[in-house]
Amino acid sequence: MALRILLVFVIATSGIVGQSLQRARPKPNCDWPAERSNSWNSNHRAQSASLPREAEFAEDLAIRYADACCGLHSGDSGHFDGWAAYAQERDRCMASLFQFVARDHRVSVDQVRQSLSDRPKIFDWGVILSFAVLYGLAAYLITHKLCETFWRNRDRLRGVMMTVYVSAITSVVGTGLTGLWSATMENIRLGNGHLSYRLARVPWQHHQPVILVFAMALFWLLAVFRYRAGCSPKRGSEIISAW
């Protein structure tokens, strides 16, 4: 039940965020907002720190523009000329917008493109830790159910077997949901429900084996804690209430 709740929660959150961002989209164009060019001070250090975020903003404008004019569900013409035409128009717009970013920050266009790989590390760690909390809560509730079903009745052999089985399923599902959760949080950060190729820059999309190992280790750590804490209904309810 706890795993189902986690699954439904993550999928529902992803769907709601996607629909909300889709409805909130402003009318896209391939023009650089004048107010952004006028907002910079002369402090080179501050400009350098904000370069990756400005590059992301320009990239997002280009993707929104291409989605509207040439995308599969373009609202202007309703005619889709293929992904090659879409990519060509997106890249043309992006190159134009990067020129403005390069000018404002006094760097080259290549430096603007390279800055896109500079991820907001605090955000990325916040994403994975927030999901770890959700996963840990689900795993603890699952181990509580296993404890009450098998260990309390002194059926320890079946308890161990079921713990191994359930931990494998929970860890695999949790690892898959990590990717969906991180993509959803990236949607929120960028304010766009269409990540396109930007999904590949989300770090947690590339560490699935490591996440799987940590997910299984966390499940077993919680299982050992739960079993050693005792499996009586009274003690179990006290622990859950404390959580």
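In this note's numbering, the protein residues as written are 82 to 324.
Glycine is no exception: its CB is placed at the ideal position from the N, C-alpha and C atoms.
Item	Value
Judging by CA-CA distance, which residue of C151, H186, L178 and L210 is the nearest neighbour of Q169?	C151
Using the rule of at least 16 other Cβ atoms within 10 Å of the residue's Cβ for burial, across every protein chain shown, is G96 buried or exposed?	exposed
Report yes if the CB atom of H205 is closer than 8 Å to the CB atom of P284, and no otherwise.	Reading off the sequence, residue 205 comes out as Asp, not His. Yes, the pair counts as a contact, with Cβ atoms nearer than the cut-off.
Let me know if D162 comes out buried or exposed under the rule of 16 or more other beta-carbons within 10 Å of its beta-carbon.	exposed
Taking the alpha-carbon of F138 as reference, which of L293, V193, S101 and S189 has the nearest alpha-carbon?	V193
So what does DSSP say about H288, is it helix, strand or coil?	coil
Please state the DSSP three-state secondary structure of G274.	coil
Can you look up V188 in the DSSP assignment and give me helix, strand or coil?	coil
Cα-Cα, which of V245, Y308, L153 and I203 is closest to R270?	I203
Can you tell me whether M242 is buried or exposed, with buried defined as 16 or more other CB within 10 angstroms of its CB?	exposed
Find the nearest neighbour of Q195 within the set A149, A93 and R134, judged by alpha-carbon distance.	R134
In chain order, what residues of the same chain lie with their CB nearer than 6 Å to the CB of L303, ignoring the 5 residues before and after it?	A220, Y221 and T224
In chain order, what residues of the same chain lie with their CB nearer than 6 Å to the CB of Y216, ignoring the 5 residues before and after it?	G255
Suppose the cutoff is 8 Å on Cβ atoms and the five residues either side in sequence are ignored; what does the same chain contact list for A136 look like?	F179, V182, V193, R194, S196 and L197
Let me know the secondary structure DSSP gives R235 once reduced to three states.	coil
What separation, rounded to the nearest whole angstrom, lies between the Cα atoms of L293 and S252?	6 Å
Let's test the definition: count the other Cβ atoms within 10 Å of the Cβ of Q100 and tell me whether it reaches 16, buried, or not, exposed.	exposed
Candidates R239, T244, A213 and R279: which alpha carbon is nearest D199's?	R279
Identify, in the order they occur along the chain, each residue of the same chain with its Cβ nearer than 8 Å to the Cβ of A264, setting aside the five sequence neighbours on each side.	S95, L276, L280, V283 and Q286
Distance, Cα to Cα, F90 vs F212?	11 Å
Roughly how far, in whole angstroms, is the beta-carbon of N33 from the beta-carbon of V98, given that I think they are within contact range, below 8 Å?	Given that the chain is displayed from residue 82 to residue 324, the structure contains no residue 33 and the question cannot be resolved.
Could you check the C-alpha separation between P109 and Y146 for me, to the nearest Å?	5 Å
With distance defined between alpha-carbon atoms, name the residue in A296, A166 and G207 nearest to V245.	A296
Counting C-beta neighbours from all protein chains within 10 Å, is the total for G260 16 or more, i.e. buried, or is it exposed?	buried
Quick check: the Cα distance between L227 and V247, rounded to an integer number of angstroms?	9 Å
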